[in-house]
Each structure stands twice: as C-alpha cells, then as structure tokens.
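J.: Before anything else, here's the structure in question.
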Amino acid sequence: MPALSVDQAGPYVAGAYLAFLGLILVYVAIMAGRLSRIERELDDLAALAERAGAERGDEEAPR
Amino acid sequence: MYGRGLRPLAIVTFGVLTGGLALVFFYAPLDADQGLIQKIFYIHVPMAIVALCGFVAGGVMAVVHLSSGDRRWDLRSYVAIHLSLIMGVGVLVTGSIWARAAWGHWWVWQEPTLVSFLVVFLLYATYQPLRFSIEDSHRQARYASVFAIIAGAFVPLNFVAVRLAQSLSHPRVLSSTANLPGEFGVTFLVCLLGMALLFATLWKYELASKHAAEQLRGLRRRLSEVEARSPEPRPAVPAGVGGPVP
C-alpha cells in the first residue's frame, strides 16, 4: 500500500496520540476519584476519633 | 511509604515524555517508506515493550512474594500487571490505527506478532477475575502469584516464538539497532525512557493509593476494637469508612 500523504495520515497519527493521552487521563481520573474517596473516609474517621476523644475527656474531667 | 519521591519522579516523567514528543514531531525526519504515519511507532513500540516488561516484572515480584511471604510483593505484582494491561489496551488501539493507515486493515489475523500480543493480553485479562473470585486474602495472593509467574514465563517464550515465525507485514523491531538511523534511534530511545518512567510513576501512584486504603482499613478495624472494649456505647464507625477500595 502506498504511503499516505500528510493530510491523509494526520488524523491517524492524531488519533493514535489522542488515544494514548485519553487512556492515561482516564486512568489518572479514576485514581484521583479513589484518592478523594480515601481522603473523605479519612476525614470521617478523624472526626469520629475526635468525638470519641472529647467524650472520654468529659468522662475523665472532675465533676 | 510509596508516595515518597513520587513528585520528582512525576516531574521527570513529564519532562522526558514532553521532550520525546517534541523530538517525534520536530526532530525525527519523516520515514521515506511510510511518511507521517510512522510517527505512531514512537508510542506504539515503547508501550508494547514496557507492557511486556511489566508482565515479566509482575512475575518476578510474584516469585519474591512466594519465596519471602511478604504480602507487599503481591500488591506490587498486582499493580504492575494491572498497569501493563492498561498499556496493553493502548498498544492494541494504537497498533490498530497504524495497521489501518499502513495496511488498510484494522487487524490482520494472519500476522503472528499481532495475534501473539492479543493472546498475551487476553491471558492477563483473566488475572483480575481469577484473583477476585477468591475470597480468602492469603489464598488470593498465593494463587495470583502462581498465575503471575506462569504467565510471566510465557511472555518471553511467546516473544521468541514470534521471532521464529514468518512475518507477513508487521516489521521485526529491535532485531538490530542499526535499522534505526541516528535521529530515529535517539527519538525512539527517549520515548522508550519516557514510557518506562510513566509506568514507574503510575505504579508508585497506584501503590500509594492502595497502601493508603489498606491503612484506612487497619484504622477502622482498630477503632472498632476500641469501640467493642469500651464499657459505654460510642458513636459507631460508619460502614463505608475504610471499606475495600476496588
């Protein structure tokens, strides 16, 4: 098959590079979603630990 | 732990990949035979090499896991295989686009290089279903490691078999570095380095994420134990907190 002209080959080359970029972006976006979920859950846990600590402090405080 | 050094690695990766792309479009000359379409070579081949090396690395890490019993190596092996699979998707997509432009077909079933890569890809596509079909985490890690070792050994065997087979249209890359003239060779090597760095960065990134999720689960477990020991009822740990991260 004869080589394609630059005009004809351009969309193929752009498509291949965009597919690569898209793949990486989708992967990074999924991982970012997971990290933000971990961060959210960590905040929940920290709030819970703080609440538990505060309650314990109330119990131990002299009445 | 895994996040250490991730930022400088990511910056270096970005720099090398950007430099590689600049070389592809502003330095490497047009191929006399294929013209502009040959530019796909600079992402397709490095991605294929890195993906196949990642599969083998996953097998090596699985060997370390089985010999040492250290579960961190199982996680490392899992992440390496996962990333190689993602790169494998990239190889198949960019390869198909190149095949369409160069040969007029999206896929050629008679071509051993294409079919053998598809076989390797499909083999590894069964890794995750196999892994997550086992509930017991120790058995899961052991079985997954055995799979990773056997499949990892299959990759170089498959590579050699393809080299011995007769090629129809797919060129034999890296049979001799002399096949790549100066500008092509430099550009290819920079792109290969960029792709390897990208793999290493994403591997560390995913490991850091999985390690954080694991630590969160441990925290939740410890908090639940404290709750259980406490004489008075305390606010319950929400069910979602520290749950498994898929």
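Listed in order, the protein sequences are those of chains A and B.
Heads up: the first sequence begins at -13 in the numbering used here, then just goes up one per residue.
Heads up: the second sequence begins at 2 in the numbering used here, then just goes up one per residue.
C-beta atoms are modelled at their ideal positions from N, C-alpha and C, and glycine is treated no differently.
Given the structure is predicted, the values throughout are model-derived calculations rather than measurements.
Suppose you measure from the CA of R221 of chain B to the CA of R132 of chain B; what does that come to, to the nearest Å?
T.: To locate residue 221 of chain B, count along the second sequence from 1; it is residue 220. To locate residue 132 of chain B, count along the second sequence from 1; it is residue 131. Cα to Cα, the separation comes out at about 24 Å.
J.: Where does G36 of chain B sit, in a helix, a strand or coil, going by DSSP?
T.: The sequence position of residue 36 of chain B within the second sequence is 35, counting from 1. Strand.
J.: With a CB to CB cut of under 7 Å and the five nearest residues on each side skipped, what residues in its chain are close to R77 of chain B?
T.: For the purposes of this step, residue 77 of chain B is identified with residue 76 of the second sequence, where counting begins at 1. Excluding residues within five positions, the ones whose Cβ falls inside 7 Å are M62 and L208.
J.: For the alpha helix (DSSP H) containing E136 of chain B, list its first residue and its last residue.
T.: Mapped onto the second sequence, residue 136 of chain B falls at position 135. It is not in any alpha helix (DSSP H) - E136 of chain B carries neither H nor E in the DSSP assignment.
J.: Take the Cβ of F229 of chain B as the centre, count every other Cβ of all protein chains shown within 10 Å, and call the residue buried at 16 or more, exposed below.
T.: The count along the second sequence starts at 1 and reaches residue 229 of chain B at position 228. Position check: residue 229 of chain B holds Ala in this sequence, whereas Phe was assumed. Exposed, since its Cβ has fewer than 16 Cβ neighbours within 10 Å.
J.: Examine chain B for any beta-carbon lying closer than 7 Å to the beta-carbon of L(-10) of chain A, and answer yes or no.
T.: Position 4 of the first sequence holds residue -10 of chain A. Yes, contact with chain B.
J.: Check each candidate in B:M88, B:E184, B:S138 and B:A29 and name the one with the smallest Cα separation from F122 of chain B.
T.: Here the question's residue 122 of chain B lines up with position 121 in the second sequence. Ranking B:M88, B:E184, B:S138 and B:A29 by Cα distance to F122 of chain B puts B:M88 first.
J.: Give a yes or no on whether the minimum CB-CB distance between E27 of chain A and chain B is below 7 Å.
T.: For the purposes of this step, residue 27 of chain A is taken as residue 41 along the first sequence, with counting starting at 1. At least one chain B Cβ lies under 7 Å of E27 of chain A.
J.: Taking only three categories from DSSP, how would you classify S117 of chain B?
T.: Residue numbering aside, residue 117 of chain B sits at position 116 when the second sequence is read from its first letter. Note: S117 of chain B maps to helix in three-state DSSP.
J.: From the beta carbon of G39 of chain A, is the nearest beta carbon of chain B less than 7 Å away?
T.: In the first sequence, counting from the first residue as 1, residue 39 of chain A sits at position 53. No, because no Cβ of chain B sits closer than 7 Å to the Cβ of G39 of chain A.
J.: Kindly indicate which three-state DSSP category W110 of chain B falls into: helix, strand or coil?
T.: Position 109 of the second sequence holds residue 110 of chain B. Correct three-state label for W110 of chain B: coil.
J.: Decide if the segment 43 to 53 of chain B is in contact with the segment 95 to 105 of chain B; the criterion is three or more beta carbon pairs, one per stretch, under 8 Å apart.
T.: Yes: the two stretches touch, three or more of their Cβ pairs being nearer than 8 Å.
J.: Return helix, strand or coil for D(-7) of chain A, following the three-state DSSP convention.
T.: Here residue -7 of chain A refers to the residue found at position 7 when the first sequence is read from its first residue. The answer is helix: DSSP assigns D(-7) of chain A an H, G or I state.
J.: Anyone know if the C-beta pair for S146 of chain B and M17 of chain A falls short of 7 Å?
T.: Here residue 146 of chain B refers to the residue found at position 145 when the second sequence is read from its first residue. Here residue 17 of chain A refers to the residue found at position 31 when the first sequence is read from its first residue. Taking 7 Å as the Cβ cut-off, S146 of chain B and M17 of chain A do not qualify as a contacting pair.
J.: CA-CA distance, G36 of chain B and R23 of chain A?
T.: Along the second sequence, one-based indexing puts residue 36 of chain B at 35. Along the first sequence, one-based indexing puts residue 23 of chain A at 37. Between G36 of chain B and R23 of chain A, the C-alpha separation is close to 47 Å.
J.: The alpha helix (DSSP H) with G70 of chain B in it runs from where to where?
T.: Looking up residue 70 of chain B in the second sequence gives position 69. Element bounds for G70 of chain B: n/a, residue is neither H nor E.
J.: Do T14 of chain B and T188 of chain B have their CB atoms nearer than 7 Å?
T.: As a position in the second sequence, residue 14 of chain B is number 13, starting the count at 1. As a position in the second sequence, residue 188 of chain B is number 187, starting the count at 1. Result no, Cβ atoms of T14 of chain B and T188 of chain B do not sit closer than 7 Å.
J.: Just tell me which of B:L115, B:F148 and B:R140 has its CA closest to the CA of R72 of chain B.
T.: Position 71 of the second sequence holds residue 72 of chain B. That would be B:R140, whose Cα lies nearest to the Cα of R72 of chain B.
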